[in-house]
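2 protein chains.
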Amino acid sequence: MVRAVPGTHGEILAAAARQFTVTGYRGTSLQDIAREVGCSKATVLYHFANKEALLAELMAPAIDVLRDLDDRLAGLTGAAAQEVAAQGFVDLAVRFRREIAVLRGEFPELLCQPAFAHIQQISDRLRDALAGHSERPGARIAALVLLAGISEACGEFADITDDDLRSALLTLVRRAVEPVDAPLPQPPTTEDKDS
Amino acid sequence: MVRAVPGTHGEILAAAARQFTVTGYRGTSLQDIAREVGCSKATVLYHFANKEALLAELMAPAIDVLRDLDDRLAGLTGAAAQEVAAQGFVDLAVRFRREIAVLRGEFPELLCQPAFAHIQQISDRLRDALAGHSERPGARIAALVLLAGISEACGEFADITDDDLRSALLTLVRRAVEPVDAPLPQPPTTEDKDS
DNA sequence: TCAGTGTCTGACCGATCGGTCAGGCATGCT
DNA sequence: AGCATGCCTGACCGATCGGTCAGACACTGA
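So the protein lines, in turn, are chains A and G. Numbering (the numbering used here) for the first sequence: 1 to 195. Numbering (the numbering used here) for the second sequence: 196 to 390.
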């Protein structure tokens, strides 16, 4: 969420979040943001070094959580990795659905920016985990479709509560993911998903 | 330097398709396209009324198939609609994966253009059909995630054949879609694309 | 030979973009 | 009073965008 900071800095951030979710990052000009806040474009650039810095500050909380999920996935394999990836990503997507909607479709271009240097690798690892680290095309395809689809879609259900959306998405992922047929190399430390 | 080739129109179209898939519609300038073709920007605008017309001609075949699918869905309900929607959309997504990749993320903005006026309604009906015309949030969410995810992802599997991608996606959709509890009113009499 | 036609181009246009800069204004400290 | 600091602004910049236009060039049929 956009932190509710009083003052111009927070107002700019909030306005940018609103505009970005409607017209996208590229489709929103600094002029647009300034107009909504009621200040000049120069004021926006006084509070933020440039447009990219504005986006980076907006996305920082979501990126932190994504990095945390990546850490938790390290070393996990098979069904355990699948379950952690599913729960972690669904939770992240629901909590930060507005922030994710900002990136709608502009992910590839935005990933080139320095502030988002490692996101691509993290999301690749996330996709691999969701596929149970399987090389089967079906597993890879399902994982990518789910990640992309959830990212794309979760911003469109503003009328659904976080809890409802989370449980619906988690149900969907568990049903859609290709099960890992290979037995777990190590017993899962967390609770099994069907016991 | 200037090649009086009668195929310039097609060359421009092909170059535009390549550029759009790499950098998107908005991210590709007429200058970029002209440079790849080896002509001037004015030549591009001699063959196409404007940038939008270029995109429209590029997308026309895919849109025709989408419209055809929409016609076939008219009147169908429940599981029959689900199955036709699933097969039809997966087939469309695979066959036109390059064209769909062009729209990557720019769908909302592009839908505002006159050439794509009815696409939004068609895709809404497609989503409803895939949800089995159910009002349950879970069904609506699953349908949207699948449609968005397939659209987003199908362009990224250039190394997978059409047949393999199609069967993998169809398996995924059938597994992921919420089943309609109402019995089939009729066995699916799916007559495929008529020639 | 010449007018007509289709193809193509450089020069140019207004609009908009992200970003810079010098300076105005209020406030508060010394 | 004098000065520093933080916040804000209008004016401006170079770059790039989609699009226009008059005219150059090659080819054609009469």
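C-beta: ideal position from N, C-alpha, C; glycine also.
Chain G contact for residue i (CB, 8 angstroms cutoff)
i: A/Ala16; result: no
i: A/Ala148; result: yes
i: A/Asp32; result: no
i: A/Gln186; result: Any answer about A/Gln186 is weak, because its pLDDT of 45 lies below 50 and its placement is not dependable; what the coordinates show is given next. Judged by the 8 angstroms Cβ criterion, A/Gln186 is not in contact with chain G.
i: A/Glu57; result: no
i: A/Val145; result: yes
i: A/Lys193; result: In this predicted model, A/Lys193 has a pLDDT of only 41, less than 50, meaning its place in the structure is not dependable; the value taken from the coordinates is given anyway. By this cut-off, A/Lys193 is not an interface position.
i: A/Arg3; result: Bear in mind that the predicted position of A/Arg3 carries a pLDDT of just 38, short of 50, making it unreliable; the figure below should be weighed with that in mind. So, not an interface residue.
i: A/Ala86; result: no
i: A/Pro183; result: Note that A/Pro183 scores 47 on pLDDT, short of 50, meaning its location in the model is unreliable; the coordinates nonetheless yield the value given after this. No, no contact with chain G.
i: A/Gly138; result: yes
i: A/Glu152; result: yes
i: A/Phe157; result: yes
Proximity to residue i [Cα-Cα], best of the options
i: G/Asp286; options: G/Phe302, G/Tyr241 and G/Ser346; result: G/Ser346
i: G/Leu369; options: G/Ala275, G/Glu206, G/Ala296 and G/Leu253; result: Reading off the sequence, residue 369 of chain G comes out as Arg, not Leu. Residue G/Ala275 is the option with its Cα nearest to G/Arg369.
i: G/Ile367; options: A/Phe96, A/Ser40 and A/Ala176; result: Residue 367 of chain G is actually Leu in this sequence, not Ile. Cα-wise, what sits closest to G/Leu367 is A/Ala176.
i: A/Lys41; options: A/Ala16, A/Ile100, A/Asp64 and A/Met59; result: A/Ala16
i: G/Ala253; options: G/Leu365, G/Glu351, G/Ala296 and G/Arg320; result: The amino acid occupying residue 253 of chain G in the given sequence is Leu; Ala does not appear at that position. If we check each option's Cα against that of G/Leu253, G/Ala296 comes out closest.
i: A/Ile119; options: A/Glu11, A/Cys39, A/Gly38 and A/Ala56; result: A/Ala56
i: A/Glu156; options: G/Thr356, G/Leu365 and G/Pro332; result: G/Pro332
i: G/Phe302; options: G/Ala343, G/Phe284 and G/Leu321; result: G/Ala343
i: G/Ala281; options: G/Thr223, G/Tyr220, G/Arg213 and G/Ala337; result: G/Ala337
i: A/Val145; options: A/Arg127, A/His133 and A/Leu170; result: A/Arg127
i: A/Phe116; options: A/Asp68, A/Val84 and A/Ala53; result: A/Ala53
i: G/Ser362; options: G/Ala326, G/Gln308, G/Cys307 and G/Phe284; result: G/Phe284
i: A/Val65; options: A/Glu99, A/Gly7 and A/Phe20; result: A/Glu99
i: A/Gly132; options: A/Cys39, A/Ala93, A/Ala74 and A/Gly27; result: A/Ala74
i: A/Arg35; options: A/Ala49, A/Asn50 and A/Ile12; result: A/Ile12
i: G/Val375; options: G/Gly273, G/Cys307 and G/Phe215; result: G/Gly273
i: G/Arg290; options: G/Gln308, G/Leu364, G/Ala244 and G/Asn245; result: G/Leu364
i: G/Gln308; options: G/Ala324, G/Lys246, G/Ala288 and G/Ser224; result: G/Lys246
Neighbour-count burial assignment, residue i, 16 or more Cβ in a 10 Å radius
i: G/Asp358; result: exposed
i: G/Ala353; result: exposed
i: G/Val217; result: exposed
i: A/Glu178; result: buried
i: A/Leu76; result: buried
i: G/Gly205; result: exposed
i: A/Cys154; result: buried
i: A/Tyr46; result: exposed
i: A/Glu135; result: exposed
i: A/Gln121; result: exposed
i: A/Ser123; result: buried
i: G/Arg198; result: Any reading at G/Arg198 is ruled out, since the residue's pLDDT is 33, under 50, leaving its predicted position unreliable.
i: A/Thr189; result: Legend: pLDDT at A/Thr189 = 44, less than 50; position of this residue unreliable, value from coordinates given subsequently. That one is exposed.
i: G/Arg299; result: buried
i: G/Asp265; result: buried
i: G/Arg267; result: buried
i: A/Gly7; result: exposed
i: A/Asp140; result: Note that residue 140 of chain A is Arg in the sequence shown, not Asp. When all chains shown are included, A/Arg140 counts as buried.
i: G/Ala257; result: buried
i: A/Gly38; result: exposed
i: A/Arg67; result: exposed
Contact with chain A by residue i, beta-carbon distance below 8 angstroms
i: G/Gly327; result: no
i: G/Pro256; result: no
i: G/Phe215; result: no
i: G/Ala274; result: no
i: G/Thr384; result: Residue confidence is low: G/Thr384 scores 45 on pLDDT, short of 50, so the model does not pin down where it sits. Its coordinate-derived value is still stated next. It does not: the Cβ of G/Thr384 has no partner Cβ on chain A nearer than 8 angstroms.
i: G/Ile336; result: yes
i: G/Glu278; result: no
i: G/Glu330; result: no
Where the alpha helix (DSSP H) containing residue i begins and where it ends
i: A/His47; result: Lys41 to His47
i: G/Pro332; result: Pro332 to Ala348
i: G/Thr216; result: Thr203 to Thr218
i: A/Ser167; result: Asp162 to Ala176
i: A/Phe89; result: Gly78 to Arg95
i: G/Pro256; result: Lys246 to Leu268
i: G/Thr224; result: Going by the sequence as given, residue 224 of chain G is Ser instead of Thr. Where G/Ser224 is concerned, there is no enclosing alpha helix (DSSP H), given that its DSSP letter is neither H nor E.
i: G/Leu325; result: Ile314 to Leu325
Heavy atom of the ligand ADP within 7 angstroms of residue i beta-carbon
i: A/Gln19; result: This structure lacks the ligand ADP, and indeed carries no ligand of any kind.
Relative to chain A, which residues along the segment 354 to 372 of chain G have a C-beta separation below 8 angstroms, given in chain order?
Ile355, Asp359, Leu360, Ala363, Leu364, Thr366, Leu367, Arg370 and Ala371
Closer than 8 angstroms, Cβ to any Cβ of chain A: which residues of the segment 218 to 250 of chain G, in chain order?
Thr218, Gly219, Arg221 and Gly222
Members of the segment 284 to 302 of chain G that neighbour chain A once the beta carbon cut-off is set at 8 angstroms
Arg299, Gly300, Glu301 and Phe302
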